[in-house]
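As structure tokens, the structure follows; a few thoughts come after it.
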Amino acid sequence: MNYIRPSEFSILVVDEDMTVFHVLMDNTGENRNLKLSYCNSVDELMDWCETKSTPDLIFLDAAFGCGKAYAIASYLKMKFIPKPTIVLMSYFGMTPLTLAVLSGCDEVICKPAPLDELMAVLINSNIRPDRF
Numbered sequence: 001m002n003y004i005r006p007s008e009f010s011i012l013v014v015d016e017d018m019t020v021f022h023v024l025m026d027n028t029g030e031n032r033n034l035k036l037s038y039c040n041s042v043d044e045l046m047d048w049c050e051t052k053s054t055p056d057l058i059f060l061d062a063a064f065g066c067g068k069a070y071a072i073a074s075y076l077k078m079k080f081i082p083k084p085t086i087v088l089m090s091y092f093g094m095t096p097l098t099l100a101v102l103s104g105c106d107e108v109i110c111k112p113a114p115l116d117e118l119m120a121v122l123i124n125s126n127i128r129p130d131r132f
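Once you know that position 77 of the sequence shown is 77 in this note's numbering, the rest is easy, because the numbers rise by one and skip nothing.
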């Protein structure tokens with residue numbers, strides 16, 4: 001398998017709650033040299049999209065933007081195709097899962113996102129799990 005060098009991998013976390021960002025930061029941190037970015041408002045995300053480089057992976061909270069997360073997911077997929085977008089949900093149900101699929105999300109993780117699930121996403125994204 002061709003692994004991406006960790007220094008070349010960037011992750012964007014889009015969530016009003018910084019828990020996922022902190023879990024990634026605490027467990028991947030400097031040893032992995034991942035570039036972690038965080039947006040906690042729609043305005044901040046729109047500014048980020050205009051000024052920053054394309055992320056390699058996007059984590060998006062399903063409740064982000066007062067219910068606009070699926071429209072935002074569609075926008076992110078159009079802007080950053082074909083970058084993987086992972087939706088974080090507080091609960092699973094047919095309607096949110098269907099909306100996630102229709103908006104172009106690649107995977108769904110239930111919140112609170114356990115470390116092993118977050119690491120599995122990173123491994124599937126070709127990051128070598130050096131610390132685990």
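Backbone N, C-alpha and C define an ideal beta-carbon position, used for all residues, glycine too.
Taking the alpha helix (DSSP H) that residue i belongs to, which residues open and close that run?
i: T98; result: M94 to L102
i: F9; result: That residue, F9, is in no alpha helix (DSSP H); it is neither H nor E in DSSP.
i: L122; result: L115 to N124
i: K79; result: A69 to F80
Does the distance from the CB of residue i to the CB of residue j come in under 7 Å?
i: F136; j: L34; result: Not covered by the structure: residue 136. The range shown for the chain is 1 to 132.
i: S103; j: A62; result: no
i: T85; j: D116; result: no
i: K111; j: L88; result: yes
i: Y70; j: L99; result: yes
i: C49; j: K79; result: yes
Which whole-angstrom value describes the C-beta separation of residue i and residue j, a residue pair presumed to lie in contact below a C-beta threshold of 8 Å?
i: S37; j: L12; result: 5 Å
i: A113; j: V20; result: 6 Å
Taking the continuous beta strand (DSSP E) assigned at residue i, which residues delimit it?
i: T85; result: T85 to M89
i: D61; result: L57 to D61
i: E107; result: E107 to C110
i: L36; result: K35 to C39
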